[in-house]
Amino acid sequence: MENRNTLEVNKLTYKEFFLDKVMLISYVFLALFFFGVVEMVYERYFLLSATAADAGLFPGSRAVAEAMKEAVFGNGGEVKREAPWSLYIVNYIYMVYVGSGIIFIVAIGELLENKEIKNMAAAFLSLGLAMVIAGLVTILVDLNVLNLLSMLLSPQFSSGMWLMLPLYTVYVPLVILEIYLVLSHKDAWIKKIAYAIIILSLLVEVIEFYVQAKLFDMNSARHLWTTYPLLPLYFVVSSFTSSLAIMSLYVYLNKGNFMLRYIIERATLYFVLALGIYEAVSYLFIDKKWAEIILFGDFKYWFYLYVFLAVLLPLALLFKHYMNIYFKITAAFSIILGTFLGKIVFVYGGNAYPMSDRFGVGFEKYFEYDEVKNVIFFMPPFSEVAIVIGSVGIVLIIFRAVDLLLLPKKLVEKGV
Amino acid sequence: MNFAMSLDYQSCIDCKACEVACKEENGVQLGADKQRIWVSQVETSIFGQPFISLHPSQCNHCLDAPCVDVCPTGASYFALGGLVMTDKDTCILCKGCMEACPYDARFVDDTHVAVDKCSFCYETRLVHGEMTTACQATCPTKVRLLGDIDDEESDLVQLLKKRKFYVLKEEEKTVPKLFYLLPEHDDYFAMNSVSPDTNIYTWDEYKPIIEAAKAKRKPQWKTVIL
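Chains as they are written, first to last, in numbering that gives the first Met the number 0: chain A, 0 to 415; chain B, 0 to 225.
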């Protein structure tokens, strides 16, 4: 490779770019994503709803009749009051934390002058950034974007949710700059800037994990989140486990060099172990009302499946250094899926214990013929599922576009 | 001025007139899950016989409300008089306040695509100088009483000086301002609606708690956004 102080763009035909195999797969996911968005927009902004005044003023109106029918027989709208945060939040925290985890690990590798990591730094950083963007897009879809300007006009410095705005306004450009410098730096002074940027990004990442933990910890009534011991540490451990699994999958699929594979594989094993220990210890501290639902109640199958996929199976497959690559790919997939399930248990589990025990004499019901709910769980609507699955397309298209256009091909393919 | 409400909930007959009045007067979205106020039931049994406790409830307008702290836009805020209000025009539907509320008192109003909750009828009554709410006015058994707890001579404080009361989920430290009056003259049945772990207060015992929370939060009280 010759010295490059500027960014070089790979020469590709339109066909090579747009009809690339990974790009084609991303289109399928993106189609699902847009289908979900259309459904969501209809449900959120166009589903008919009415008030008593509408019913009085327009008694013969067809629209009011439809709205009344929806009020009586509908499913209560998009958001359930007992479980406001749902799959959107699961996907947001998964994508953002795991993406940030990848970026963090690469930054550490760069800082430690690890040659293997450095060689693939640009690819990993792009992958991490693509995941962060997919997470942010998911949360954007979850919000009422029509009023989003009020976040800028009325800053709330004590709100964890608001703190994400300045955080990602700094973080995303910082990572883009980091990728640029990794791809183009050769001069000594640029190298120095690169180090400063890496240290700055590490600092922002630490703040990020703190802010994200604050977001959940502020919900004082949801004791799963407030009693989880060292919540920022949980996010770090679980996210890094998935980050390493995704990195290892990428290295295996791109036939990265042996040393890099070995480093990531060992690191994955240690983080899987740490995650297992963390989960085992944390449930000694978690409020027993929530722990009971998750360990022995309605959430138990989800929880044990999570532990099996994220901890037990990968441990069995990675503990001995088997040479069989299928073992390693299976372990990586198992961790990716398992940790996503873990986030489902975390978010849905937080809402699982009903808030309706207000008087301390039992769960309340609102109608004579209603059912007393002692566990809260709602299946997400199809639009939400489509958006979450479709967000994989955002990761693929961003990463592949950077990969095809900017990454030095020989470097990636040979893992030099 | 510090608005609060007492509920003599043992008088509730589950007629749901309060729910209807609230919806009609405040333009609340129709739908069973879209309630600013509600009458819930807890089913228990006494000596094998089914027993139902009726619990009218709504937003507690907590003095130390966690829903205000989590809001990223200030759409959930403290208004003058210690009311916890929502501004639908700046709500981005992050649902953080719904997660923060220990009482499930908030819901999404689909007509405005924003979070909604009880405002003690500020927009329809308090702003015009009335000292009552739609739910209070319509109740045939006079369960609710809205008042100013800063005014020792108000009907509400006078009532609280006579009757013992308790608040909901005190352990969450939100300092709620719905005061549930302890059932009188019935130690066998009505007391089943009160948890043995609940702290029972007299006005003199609870007043310092209110004053401390008010001193902490009053700087955040601002004019109501209409």
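Quick reminder that beta carbons are idealized off the backbone N, C-alpha and C, glycines included.
Residue i and residue j closer than 8 Å at C-beta
| i | j | result |
| --- | --- | --- |
| residue 106 of chain B | residue 80 of chain A | yes |
| residue 248 of chain A | residue 328 of chain A | yes |
| residue 202 of chain B | residue 77 of chain B | no |
| residue 80 of chain B | residue 25 of chain B | no |
| residue 238 of chain A | residue 91 of chain A | no |
| residue 277 of chain A | residue 290 of chain A | no |
| residue 75 of chain A | residue 32 of chain B | yes |
| residue 85 of chain B | residue 114 of chain B | yes |
| residue 107 of chain A | residue 246 of chain A | no |
| residue 204 of chain A | residue 99 of chain A | yes |
| residue 5 of chain B | residue 144 of chain B | yes |
| residue 21 of chain B | residue 66 of chain B | no |
| residue 298 of chain A | residue 220 of chain A | no |
Chain A residues whose Cβ lies nearer than 9 Å to that of residue i
| i | result |
| --- | --- |
| residue 74 of chain B | 146, 149 and 153 |
| residue 113 of chain B | 143 and 146 |
| residue 105 of chain B | 80 and 83 |
| residue 23 of chain B | 50, 51, 52 and 55 |
| residue 217 of chain B | Those within 9 Å of residue 217 of chain B in chain A number zero; the least Cβ separation is about 16 Å. |
Span separating the alpha-carbon of residue i from that of residue j
| i | j | result |
| --- | --- | --- |
| residue 56 of chain B | residue 39 of chain B | 8 Å |
| residue 284 of chain A | residue 296 of chain A | 18 Å |
| residue 11 of chain B | residue 142 of chain B | 6 Å |
| residue 410 of chain A | residue 385 of chain A | Per-residue confidence for residue 410 of chain A stands at a pLDDT of 46, beneath the threshold of 50, marking its modelled position as unreliable; no derived number is given. |
| residue 140 of chain B | residue 390 of chain A | 54 Å |
| residue 366 of chain A | residue 13 of chain B | 10 Å |
| residue 87 of chain A | residue 340 of chain A | 13 Å |
| residue 393 of chain A | residue 119 of chain B | 45 Å |
| residue 404 of chain A | residue 8 of chain A | 5 Å |
| residue 201 of chain A | residue 306 of chain A | 29 Å |
| residue 166 of chain B | residue 346 of chain A | 28 Å |
| residue 144 of chain A | residue 100 of chain B | 23 Å |
| residue 153 of chain A | residue 72 of chain B | 6 Å |
| residue 28 of chain A | residue 396 of chain A | 10 Å |
| residue 16 of chain B | residue 52 of chain B | 18 Å |
| residue 357 of chain A | residue 370 of chain A | 17 Å |
| residue 279 of chain A | residue 233 of chain A | 12 Å |
| residue 195 of chain A | residue 194 of chain B | 58 Å |
| residue 399 of chain A | residue 253 of chain A | 13 Å |
| residue 362 of chain A | residue 229 of chain A | 30 Å |
For residue i, the residue or residues it bridges with in DSSP
| i | result |
| --- | --- |
| residue 146 of chain B | B/3 |
| residue 164 of chain B | B/180 and B/200 |
| residue 42 of chain B | B/51 |
| residue 317 of chain A | Residue 317 of chain A pairs with nothing; no bridge assigned. |
| residue 107 of chain B | B/114 |
| residue 83 of chain B | B/77 |
| residue 231 of chain B | The structure shown does not extend to residue 231 of chain B, since chain B is modelled only from 0 to 225, so the question has no answer here. |
| residue 50 of chain A | B/28 |
| residue 68 of chain A | Partner(s): none; residue 68 of chain A has no beta bridge. |
| residue 206 of chain B | Per DSSP, none; premise fails for residue 206 of chain B. |
| residue 221 of chain B | B/78 |
| residue 213 of chain A | Answer is none; residue 213 of chain A lacks a bridge partner. |
| residue 420 of chain A | Examination of residue 420 of chain A is not possible in this model, given that chain A is present from 0 through 415 alone. |
| residue 364 of chain A | B/40 |
Under 7 Å by beta carbon: chain A residues contacting residue i
| i | result |
| --- | --- |
| residue 97 of chain B | 80 and 83 |
| residue 171 of chain B | 219 and 220 |
| residue 89 of chain B | 146, 149 and 153 |
| residue 226 of chain B | The structure shown does not extend to residue 226 of chain B, since chain B is modelled only from 0 through 225, so no value can be given for it. |
| residue 102 of chain B | 354 and 357 |
| residue 93 of chain B | 142 and 160 |
Neighbour list for residue i in chain B, Cβ cutoff strictly below 7 Å
| i | result |
| --- | --- |
| residue 50 of chain A | 26, 27, 28, 29 and 110 |
| residue 161 of chain A | 71 |
| residue 70 of chain A | 29 and 30 |
Partners in chain B for residue i, counting only beta-carbon separations shorter than 8 Å
| i | result |
| --- | --- |
| residue 360 of chain A | 41, 43, 52, 191, 192, 193 and 194 |
| residue 289 of chain A | Here the premise fails: no neighbours, minimum Cβ distance about 14 Å. |
Closer than 9 Å at the beta carbon, the chain B residues around residue i
| i | result |
| --- | --- |
| residue 365 of chain A | 31, 32, 34, 37, 38, 39 and 40 |
| residue 46 of chain A | 109 |
| residue 120 of chain A | Going along chain B, no residue has its Cβ under 9 Å from residue 120 of chain A, so there is no contact; the nearest lies around 33 Å. |
Any non-hydrogen atom of the ligand FMN closer than 7 Å to residue i Cβ
| i | result |
| --- | --- |
| residue 215 of chain A | The model on display carries no ligand, and the ligand FMN is accordingly not part of it. |
Proximal chain A residues relative to residue i, where beta-carbon distance stays under 8 Å
| i | result |
| --- | --- |
| residue 68 of chain B | 157, 158 and 217 |
Touch check for the region 104 to 117 of chain A and the region 62 to 81 of chain A: three-plus C-beta pairs under 8 Å?
The region 104 to 117 of chain A, when compared against the region 62 to 81 of chain A, does not touch it at the 8 Å Cβ threshold.
With three or more beta-carbon pairs closer than 8 Å as the criterion, would you say the region 172 to 184 of chain B touches the region 193 to 210 of chain B?
Verdict: yes, contact present.
Check whether the region 82 to 89 of chain A touches the region 377 to 384 of chain A, taking contact to mean three or more Cβ pairs, one atom from each stretch, closer than 8 Å.
Under the 8 Å Cβ criterion, the region 82 to 89 of chain A counts as touching the region 377 to 384 of chain A, having at least three qualifying pairs.
Could you check whether the region 196 to 215 of chain A touches the region 266 to 280 of chain A, counting it as contact only if at least three pairs of C-beta atoms, one from each stretch, sit closer than 8 Å?
With contact defined as three or more Cβ pairs closer than 8 Å, the region 196 to 215 of chain A and the region 266 to 280 of chain A are not in contact.
Taking contact to mean at least 3 C-beta pairs separated by less than 8 Å, is the region 86 to 94 of chain B in contact with the region 118 to 135 of chain B?
No contact exists between the region 86 to 94 of chain B and the region 118 to 135 of chain B.
Taking 8 Å as the cut-off, does the region 122 to 132 of chain A touch the region 44 to 55 of chain B (at least 3 CB pairs, one atom from each stretch)?
Too few Cβ pairs lie closer than 8 Å, so no.
Should the region 36 to 55 of chain A be called in touch with the region 299 to 313 of chain A, which here means at least 3 C-beta pairs below 8 Å?
Not touching, per the Cβ criterion.
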